[in-house]
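All residue numbers for the sequence shown refer to our numbering, where the first residue is 3 and numbers rise by one.
Even glycine gets a Cβ: it sits at the ideal position worked out from N, Cα and C.
Read through the structure below, which is laid out as structure tokens, and then see the notes.
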Amino acid sequence: MLPEPHLSEATNVVIEEAVPLAEDSKDMIDPGMASDEDVPVFSRHISALWDRLRARFRSATRKTIVEVEYDEMLGVKCYEYMCVRYVFDTNVGRFRPVGMGEWTASEMHHRLRTGGLSHEEATLELEETGPNAIRVRVPGIIESLASEFSDVLYILQSIAAWTYIVYTTWNIGIIWLGMTLIAGIYRALFI
Numbered sequence: 003m004l005p006e007p008h009l010s011e012a013t014n015v016v017i018e019e020a021v022p023l024a025e026d027s028k029d030m031i032d033p034g035m036a037s038d039e040d041v042p043v044f045s046r047h048i049s050a051l052w053d054r055l056r057a058r059f060r061s062a063t064r065k066t067i068v069e070v071e072y073d074e075m076l077g078v079k080c081y082e083y084m085c086v087r088y089v090f091d092t093n094v095g096r097f098r099p100v101g102m103g104e105w106t107a108s109e110m111h112h113r114l115r116t117g118g119l120s121h122e123e124a125t126l127e128l129e130e131t132g133p134n135a136i137r138v139r140v141p142g143i144i145e146s147l148a149s150e151f152s153d154v155l156y157i158l159q160s161i162a163a164w165t166y167i168v169y170t171t172w173n174i175g176i177i178w179l180g181m182t183l184i185a186g187i188y189r190a191l192f193i
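Below, the structure is given as structure tokens:
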């Protein structure tokens, strides 16, 4: 996948969008947190180290690679991104969103009085904009369970529950592990 000099020859498009930086945790103040609180020196050092590590990996942009497809009905290259279809405009030499009409109020009233688009106009509009569908990738059962139980919270709860099971309080550990598994399976498969 090498860069193409012209968009008309591209097989993939890189979309880069600015992402607003999340609110820093230092700006959030909970009840009882005042600036005059005594914070141990060790905690301040750990916090400063964590902030430097986070700043190193923080990014203000998000890049997405989208595959360009050839629409045989229209005879143009297009791609879909964020539920919007982009078609290559040969006049400008770039991809433009389609299906976003700009009509005046009088044109809309005229369309309403005439009963909307004719069958030919509707067919042409459907060919140009594509079907009115939102394609969402839904992970399978195994992938959903794996992504849910690979969370740090579930790992820590599992370690704690197994520790209870191994030592003398096995009954508490089994109940805790059962609650964790039931909650995780419910969240992964039914929400």
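Who pairs with residue i in a beta bridge, going by DSSP?
i: Asn93; result: Asn93 is not bridged to any residue.
i: Thr66; result: Ile17
i: Glu11; result: DSSP, once it has assigned bridges, lists no residue as partnering Glu11.
i: Tyr72; result: Lys79
Please check the pair residue i and residue j, which I expect to be a contact at CB under 8 Å, by giving their CB distance rounded to whole angstroms.
i: Thr182; j: Tyr156; result: 7 Å
i: Val15; j: Val68; result: 5 Å
i: Val70; j: Thr13; result: 6 Å
i: Leu9; j: Arg96; result: 6 Å
i: Gly175; j: Ala190; result: Contact flag wrong, Cβ pair sits at about 22 Å.
What are the boundary residues of the alpha helix (DSSP H) that includes residue i?
i: Ala185; result: Trp172 to Phe192
i: Ile157; result: Val154 to Val168
i: Glu150; result: Ile143 to Phe151
Counting only runs that start and end within the stretch 76 to 130, where is the beta strand (DSSP E) found for 3 or more residues in a row? Taking only runs of at least 3 residues, the beta strand (DSSP E) segments lying wholly in the stretch 76 to 130 are 78 to 83, 86 to 91 and 96 to 99.
When the Cβ atoms of the stretch 88 to 97 are set against those of the stretch 63 to 80, are three or more pairs found closer than 8 Å? At 8 Å Cβ cutoff, the stretches touch.
Mind the definition here: the stretch 113 to 131 touches the stretch 145 to 153 only if three or more C-beta pairs lie below 8 Å; say whether that holds. Segments in contact, no.
Inspect the CB distances between the stretch 96 to 115 and the stretch 47 to 54 and report whether three or more fall short of 8 Å. The stretch 96 to 115 is not in contact with the stretch 47 to 54.
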